[in-house]
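Novice: Position 221 of the sequence shown, counting from 1, maps to 230 under our numbering, and the rest follow consecutively.
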Amino acid sequence: MRTDLVSEPGAATRPNEDFAGVGLTASGQGGCVIVLDGVTPPSGGTGCLHSVPWYTARLGGALLELSVSGRDLTLSEVLAQAITRTAEGHADACDLSHPRTPQATVVLARWSAAVFEYLVLSDSALLLQGPDGTVTPVLDDRLDLLPRSALATDALVDATLRNKEGGFFTAAADPSVAARAVTGTLPRREVRALAALTDGATRWTETFHEGDWTALFDLVAKCGARSLIERVRELETADQEERTFLGPAKTHDDATATYVEL
């Protein structure tokens, strides 16, 4: 197995809210990949004493441990238990019912000698390459399908869409959202390699339209995860003044890319 993992903050002056990890079983017959993109809260507060990086580190650590040790659990059950464990770590001190309690998108992949499992929640991406080289994206596109008018303000999103039926879901403090994730199982032989990416890295395809998902996967496989993020940063800087592609979005976002050849 070969792995390549790069995670870079959007700005050196603030902490990276992403999390990424790769786990291997002691037998060497399987492993897992976890990528989280912490949701940056607005300035109005979150009801929580803890930061987004605090949350993603604990949720990511719980996911890593449960994915490797809990082989009898489905990935939805792994996520639900990890959310519960993380929530219990600060429920006494924080208001976990707040719509902006620390939360994150999730990509989770796990494999054994026979089976490959995956889970995607919200707008991070998982790309799977088959033995013939075909690249298949696994996406949770609920946020993309919402009308732009429904996303006009943070207050509107929080009141009507965030972790609500008809809207979109992230991992926060309610373990029931795990059942809302996009999940699937494949024979292990049908997956040759994978790439897991936060939306700061997928900007190369989704924002700047430099190539489709196959082109992005090929870039990471041939040139490395670092090359993808460097190219995204160049494109962001070039668009900083014109805002042709970025619009009102932050110029540089946290960006994480993980590549694994199984």
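Idealized CB from N, CA, C, for every residue including glycine. Nothing here was measured: the structure is a model prediction, and the numbers come from that model.
#1: Could you give the distance in angstroms between the alpha-carbon of A159 and the alpha-carbon of G176?
#2: Taking 7 Å as the CB-CB limit, is A161 close to chain C?
#3: Could you check whether W120 and R235 sit closer than 7 Å to each other, using their CB atoms as the reference points?
#4: Can you tell me the Cβ-Cβ gap for D101 and T114, rounded? I've got them flagged as a contact below 8 Å.
#5: Which stretch, first to last residue, makes up the alpha helix (DSSP H) that contains Q90?
#6: Just the Cα atoms here: how many angstroms apart are A91 and L68?
#7: Taking only runs that begin and end inside the segment 196-249, name each unbroken alpha helix (DSSP H) of 4 or more residues, in chain order.
#8: Mark D221 as exposed unless 16 or more other C-beta atoms lie within 10 angstroms of its C-beta, in which case mark it buried.
#9: State the beta-bridge partners of L14 as determined by DSSP.
#10: Any idea what DSSP makes of A102, helix, strand or coil?
#11: Just the Cα atoms here: how many angstroms apart are V166 and S76?
#12: Quick one: what does DSSP say A21 is sitting in, helix, strand or coil?
#13: In chain order, what residues of the same chain lie with their CB nearer than 6 Å to the CB of P24, ignoring the 5 residues before and after it?
#14: Closer than 6 Å by C-beta to E219: which residues in its own chain qualify, once you throw out the five before and the five after it? Chain order, please.
#15: Is the beta carbon of Y127 closer than 7 Å to that of V144?
#16: Under 8 Å, with one C-beta from each stretch per pair, do the segment 248-260 and the segment 180-192 reach the 3-pair mark?
#17: So for D46, helix, strand or coil by DSSP?
#18: What are the boundary residues of the beta strand (DSSP E) that T145 is part of?
#19: In angstroms with no decimal places, state the Cα-to-Cα distance between E243 and F217.
Specialist: With the given structure in hand:
#1: Cα to Cα, the separation comes out at about 10 Å.
#2: Any reference to chain C falls outside this structure, which holds one protein chain only.
#3: The answer is no: Cβ separation not under 7 Å.
#4: The distance from the Cβ of D101 to that of T114 is about 26 Å, inconsistent with a contact at the 8 Å cut-off.
#5: Boundaries of the alpha helix (DSSP H) harbouring Q90: 84-97, taken from the DSSP string.
#6: A91 and L68 have their C-alpha atoms roughly 6 Å apart.
#7: Considered as a whole, the segment 196-249 harbours 212-215, 222-232, 234-247 as its complete alpha helix (DSSP H) runs of no fewer than 4 residues, in chain order.
#8: With fewer than 16 Cβ atoms within 10 Å of its Cβ, D221 is classed as exposed.
#9: Note: L14 sits in a beta bridge opposite T267.
#10: Coil at A102, not helix or strand.
#11: Using only the alpha carbons, I get a separation of about 32 Å.
#12: When DSSP states are grouped into helix, strand and coil, A21 belongs to the coil group.
#13: In its chain, beyond the 5 residues on either side, P62 have a beta carbon closer than 6 Å to the beta carbon of P24.
#14: For E219, where only same-chain residues beyond five positions count, the Cβ hits under 6 Å are W213.
#15: In this structure, Y127 does not lie closer than 7 Å to V144 by Cβ.
#16: Flag = no, the segment 248-260 and the segment 180-192 do not touch.
#17: Note: D46 maps to strand in three-state DSSP.
#18: Per DSSP, T145 belongs to the beta strand (DSSP E) from 144-148.
#19: Roughly 11 Å separates the two Cα atoms.
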